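J.: Chains as they are written, first to last, in the numbering used here: chain A, 115 to 345; chain B, 115 to 345.
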DNA sequence: CTGACTTTGTGAACGTGTGCACATGTGCCT
DNA sequence: AGGCACATGTGCACACGTTCACAAAGTCAG
Ligand SMILES: NC(=O)c1ccc[n+]([C@@H]2O[C@H](COP(=O)([O-])OP(=O)(O)OC[C@H]3O[C@@H](n4cnc5c(N)ncnc54)[C@H](O)[C@@H]3O)[C@@H](O)[C@H]2O)c1
Ligand SMILES: NC(=O)c1ccc[n+]([C@@H]2O[C@H](COP(=O)([O-])OP(=O)(O)OC[C@H]3O[C@@H](n4cnc5c(N)ncnc54)[C@H](O)[C@@H]3O)[C@@H](O)[C@H]2O)c1
């Protein structure tokens, strides 16, 4: 009886690396590379080969022993697993310094995250056009989210307004938030939040920089794959 | 014999949280709060109270049982541990969309990371002034790094130029790099790299968003402290 | 068809991080 | 002075993540 296969849960750490593999694989596909070994992919991603194999094994056994992985097929599988088979329109709250840079950046649309809207509370910002999108009033948020089926919101307001922005996003129906303001957002169950805090990143670098007194190197991880080696 | 106490190694995960505690503690200090309990701090930071205590215990036993931690003193200790007792000037490579937003953002200087310089390779970008800093040619990088004692560099160039930017930073003497380009940078031993990849963040959100079919919530961690609860 | 070679997929050992639970220390109130 | 309430600091068990090492599975040349 072909019961729909139960979705394996993929470890958090693996989920964070899959996008990196995906980017590299797409690049390789553009270079007409047809197959890639775990070692080759590991090299390009700056990680251990065993880690690559274990990560990919969560998707299923899609490699061929003695050969490696078929690039195009892996791209397809990772896309599917990450939910990138369709676009995820994004709405940006806050059309300041950062909001404008984000909205004007073409890289998101290319990767399946088109900017469905940019909203701001400041009347002076309204109706300017950034990256082909007109800045609208924050009261239009609900309408934008509904009509464009937005489920991801980006908070790019000053820290003091970030919780308000998040509340409005949630009320409008958004269920995932990427937060650039240096504050901890409170959200209801059922809503995911990821934060990007640049000052924190610099402070972490500062910590290792400070310790680097006479001593050698540090590979830094956590967020990502820091690494030493080569040049 | 007062031998200089051997520096305890602080776990990576703790180092990543200390800046968050620090920000909250500074806020509390501004609100004239004198003492704070691990529970209170945990609440504000969106983490477990035991974790807060363990994290702080790596700095030493600076709490008072029955009372909590003295805010001002903790601020001092965390600053010291993170190496924030003095400023860390930063040089930004790439004066595009993002580089301009970063350079124009006052928040870094406030937190001890003044922008010592912004460089670009495109003659058209030269001599424009962003956030009080004039954009200079990338050939001036060495001079800027030397004269301002810069040890942290920010890469905000297109992906194709990122490795070149990193190489130049390293050659100029920079030993920590914050990379915004979606590529894996190769650097020599002794150089730390952290990367911020916004597309990756969105793709991680996409993964959890996709799975949210009927099911409840997800707290997302890794980078940070995602969280569920309240509104 | 055989055998040498390549590379995957994964069991198992290890290391790191988390969170409970509680003994221990501190301040306050009577 | 003594007792009580409170909050820290940490031992311990468990969960999660990483890496090694190797059998199994496949390729390819002759
Ligand atoms: N610019 C950077 O490079 C940078 C770097 C790190 C962090 N950040 C953080 O990103 C956030 C935005 O930074 P920025 O430099 O763009 O700030 P900004 O002041 O330039 O822009 C903030 C925008 O948000 C709008 N806004 C204010 N309250 C709002 C509300 N309630 N609803 C909707 N919009 C509202 C403002 O009108 C303004 O246009 C801040 O929290 C900042 O700390 C920015
Ligand atoms: N803008 C965003 O919101 C955003 C978001 C996510 C990621 N990024 C990434 O950040 C990076 C910068 O993005 P952007 O939008 O600012 O791009 P951009 O094209 O606007 O700016 C890039 C700048 O780098 C300069 N440059 C090119 N080669 C250089 C070199 N070898 N040395 C020094 N400078 C050089 C260019 O002259 C240009 O001014 C890209 O890698 C992009 O993928 C940007």
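Quick reminder that beta carbons are idealized off the backbone N, C-alpha and C, glycines included.
Remember, predicted model here, so these are calculated numbers, not experimental data.
1. Contact check, residue 248/A vs residue 254/A under 8 Å by CB: the rounded distance?
2. What's the C-alpha gap between residue 131/B and residue 125/B?
3. Would you mind stating whether residue 267/A and residue 298/A have Cβ atoms separated by less than 7 Å?
4. Quick test of your reading: residue 205/B and residue 230/B, contact by CB under 8 Å. State the CB separation rounded to the nearest angstrom.
5. Would you tell me roughly how many angstroms separate the C-alpha atoms of residue 133/B and residue 123/A, rounded to the nearest one?
6. List the residues of chain A whose Cβ lies closer than 9 Å to the Cβ of residue 174/B, in chain order.
7. Would you decide whether residue 147/B is buried or exposed? Buried here means 16 or more other CB atoms lie within 10 Å of its CB.
8. Can you pull the chain B residues whose beta carbon is under 7 Å from the beta carbon of residue 289/A, in chain order?
9. Does chain A have any CB closer than 7 Å to the CB of residue 122/B?
10. Does any residue of chain B have a CB that is nearer than 7 Å to the CB of residue 227/A?
11. Would you check if there are 3 or more beta carbon pairs closer than 8 Å linking the region 275-290 of chain A to the region 209-226 of chain A?
12. So residue 320/A contacts chain B; which residues on that side make the cut at Cβ distance below 7 Å?
13. Give me the Cβ distance between residue 233/B and residue 251/B, rounded to the nearest whole Å; I'm assuming they're in contact under 8 Å.
14. Starting from residue 290/A, trace the alpha helix (DSSP H) in both directions and tell me its first and last residue.
15. Only counting the same chain, and skipping five residues up and downstream in sequence, which positions put a Cβ closer than 6 Å to that of residue 182/A?
16. Out of curiosity, what's the CA-to-CA distance linking residue 236/B and residue 145/B?
17. Under the criterion of a Cβ to heavy atom distance below 6 Å, does residue 246/B qualify as lining ligand 1?
18. With hydrogens ignored, establish whether the beta-carbon of residue 150/A is closer than 6 Å to any heavy atom of ligand 2.
19. Pull up the distance between the alpha-carbon of residue 283/A and that of residue 326/B, whole angstroms please.
20. Does the distance from the C-beta atom of residue 128/A to that of residue 176/A stay below 7 Å?
21. Check for me: the alpha helix (DSSP H) holding residue 223/A runs from which residue to which?
22. For the putative contact between residue 317/B and residue 196/A, defined by C-beta atoms under 8 Å, what is the C-beta separation to the nearest angstrom?
23. Less than 8 Å between the CB atoms is what I'm expecting for residue 315/A and residue 161/B, so what's the real figure, rounded?
24. Verify the CB distance criterion: does residue 160/A have a CB-CB separation below 7 Å to chain B?
25. Find the residues of chain A that neighbour residue 315/B, judging by a C-beta separation of less than 8 Å, and give them in chain order.
26. Indicate, with yes or no, if ligand 4 has a heavy atom lying under 6 Å from the CB of residue 301/B.
27. Which one of 189/B, 324/B, 203/B and 281/B has the shortest CA to CA distance from residue 301/B?
28. List, from N- to C-terminal side, the beta strand (DSSP E) runs of 3 residues or more that fit wholly inside the region 211-268 of chain B.
29. Considering Cα atoms alone, identify which of 192/B, 261/B, 178/B and 296/B is closest to residue 277/B.
30. State the start and end residues of the unbroken alpha helix (DSSP H) segment that holds residue 206/A.
31. Quick check on the DSSP output: the beta strand (DSSP E) that includes residue 183/B runs from which residue to which?
32. Of all the options 169/B, 210/B and 306/B, which has the alpha carbon lying nearest to the alpha carbon of residue 243/B?
33. Where does residue 177/B fall in DSSP's three states?
34. What three-state label does DSSP hand residue 310/A in the structure shown?
35. Between 304/A, 201/A and 164/A, which lies nearest to residue 263/A when the distance is taken from Cα to Cα?
T.: On the basis of the coordinates in this document:
1. Position 134 of the first chain, counting from 1, holds the residue named residue 248/A. Position 140 of the first chain, counting from 1, holds the residue named residue 254/A. Their Cβ separation, rounded to whole angstroms, is 10 Å, which puts residue 248/A and residue 254/A out of contact at 8 Å.
2. Indexing the second chain from 1 puts residue 131/B at position 17. Indexing the second chain from 1 puts residue 125/B at position 11. Taking the Cα positions, residue 131/B is about 10 Å away from residue 125/B.
3. Against the first chain, residue 267/A aligns to sequence position 153. Against the first chain, residue 298/A aligns to sequence position 184. Not closer than 7 Å, so no.
4. Working through the second chain from its first residue, we reach residue 205/B at position 91. Working through the second chain from its first residue, we reach residue 230/B at position 116. That belief holds up - the Cβ atoms of residue 205/B and residue 230/B are roughly 5 Å apart, short of 8 Å.
5. Position 19 of the second chain, counted from the first residue, corresponds to residue 133/B. Position 9 of the first chain, counted from the first residue, corresponds to residue 123/A. In this structure, the alpha-carbon of residue 133/B lies about 31 Å from that of residue 123/A.
6. Position 60 of the second chain, counting from 1, holds the residue named residue 174/B. Residues of chain A passing the Cβ test: none, with the nearest at roughly 16 Å.
7. Here residue 147/B corresponds to residue number 33 of the second chain, with the count starting at 1. Classification for residue 147/B: exposed.
8. On the first chain, position 175 is the one that residue 289/A refers to. In chain order: 323 and 326.
9. Locating residue 122/B in the second chain gives position 8, counting from the first residue. Output row for residue 122/B: interface = no.
10. For the purposes of this step, residue 227/A is identified with residue 113 of the first chain, where counting begins at 1. Judged by the 7 Å Cβ criterion, residue 227/A is in contact with chain B.
11. No contact exists between the region 275-290 of chain A and the region 209-226 of chain A.
12. In the first chain, residue 320/A corresponds to position 206, counting from 1. Correct list: 196, 197, 198 and 202.
13. Here residue 233/B refers to the residue found at position 119 when the second chain is read from its first residue. Here residue 251/B refers to the residue found at position 137 when the second chain is read from its first residue. Sure, about 6 Å apart at Cβ, within 8 Å.
14. Along the first chain, one-based indexing puts residue 290/A at 176. Bounds of any alpha helix (DSSP H) do not take in residue 290/A; it lies within the beta strand (DSSP E) bounded by 290-293.
15. In the first chain, the residue the question calls residue 182/A occupies position 68. Taken in chain order, the residues that qualify are 149, 150 and 151.
16. Indexing the second chain from 1 puts residue 236/B at position 122. Indexing the second chain from 1 puts residue 145/B at position 31. Distance between the alpha carbons of residue 236/B and residue 145/B: 46 Å.
17. The sequence position of residue 246/B within the second chain is 132, counting from 1. Every heavy atom of ligand 1 is 6 Å or more from the Cβ of residue 246/B, so no.
18. For the purposes of this step, residue 150/A is taken as residue 36 along the first chain, with counting starting at 1. Because no heavy atom of ligand 2 lies under 6 Å away, the Cβ of residue 150/A does not count as near it: no.
19. Within the first chain, residue 283/A is the residue found at index 169, counting from 1. Within the second chain, residue 326/B is the residue found at index 212, counting from 1. Their backbone Cα atoms lie some 17 Å apart in a straight line.
20. Residue mapping note: residue 128/A aligns to position 14 of the first chain, counting from 1. Residue mapping note: residue 176/A aligns to position 62 of the first chain, counting from 1. No, the pair does not count as a contact, with Cβ atoms beyond the cut-off.
21. For the purposes of this step, residue 223/A is taken as residue 109 along the first chain, with counting starting at 1. Where residue 223/A is concerned, the enclosing alpha helix (DSSP H) starts and stops at 221-224.
22. In the second chain, the residue the question calls residue 317/B occupies position 203. In the first chain, the residue the question calls residue 196/A occupies position 82. Yes, they are in contact, since the Cβ atoms of residue 317/B and residue 196/A sit about 5 Å apart, within 8 Å.
23. As a first step, residue 315/A must be located in the first chain, where it is residue number 201. As a first step, residue 161/B must be located in the second chain, where it is residue number 47. Contact flag wrong, Cβ pair sits at about 18 Å.
24. Here residue 160/A refers to the residue found at position 46 when the first chain is read from its first residue. Using beta-carbon distances, residue 160/A counts as an interface residue toward chain B, with a partner under 7 Å.
25. Counted from its first residue, the second chain places residue 315/B at position 201. Neighbourhood of residue 315/B in chain A, by CB distance below 8 Å: 292, 308 and 310, in chain order.
26. Questions concerning ligand 4 fall outside what the structure shown contains, since the ligands it does hold are ligand 1 and ligand 2.
27. The sequence position of residue 301/B within the second chain is 187, counting from 1. Among 189/B, 324/B, 203/B and 281/B, the Cα nearest to that of residue 301/B belongs to 281/B.
28. Contiguous beta strand (DSSP E) elements confined to the region 211-268 of chain B occur at 229-234 and 247-251, taking only those with 3 or more residues.
29. Position 163 of the second chain, counting from 1, holds the residue named residue 277/B. The shortest Cα separation from residue 277/B among 192/B, 261/B, 178/B and 296/B belongs to 296/B.
30. As a working mapping, residue 206/A is identified with position 92 in the first chain. For residue 206/A, there is no enclosing alpha helix (DSSP H); the enclosing beta strand (DSSP E) covers residues 204-207.
31. As a position in the second chain, residue 183/B is number 69, starting the count at 1. Where residue 183/B is concerned, the enclosing beta strand (DSSP E) starts and stops at 182-184.
32. On the second chain, residue 243/B is found 129 positions in, with the first residue counted as 1. The residue with the shortest Cα to Cα distance from residue 243/B is 210/B.
33. The count along the second chain starts at 1 and reaches residue 177/B at position 63. Residue 177/B falls in the strand class under three-state DSSP.
34. Indexing the first chain from 1 puts residue 310/A at position 196. The three-state secondary structure of residue 310/A, taken from DSSP, is coil.
35. Stepping through the first chain from its first residue, residue 263/A is reached at position 149. Of 304/A, 201/A and 164/A, the residue nearest in Cα terms is 201/A.
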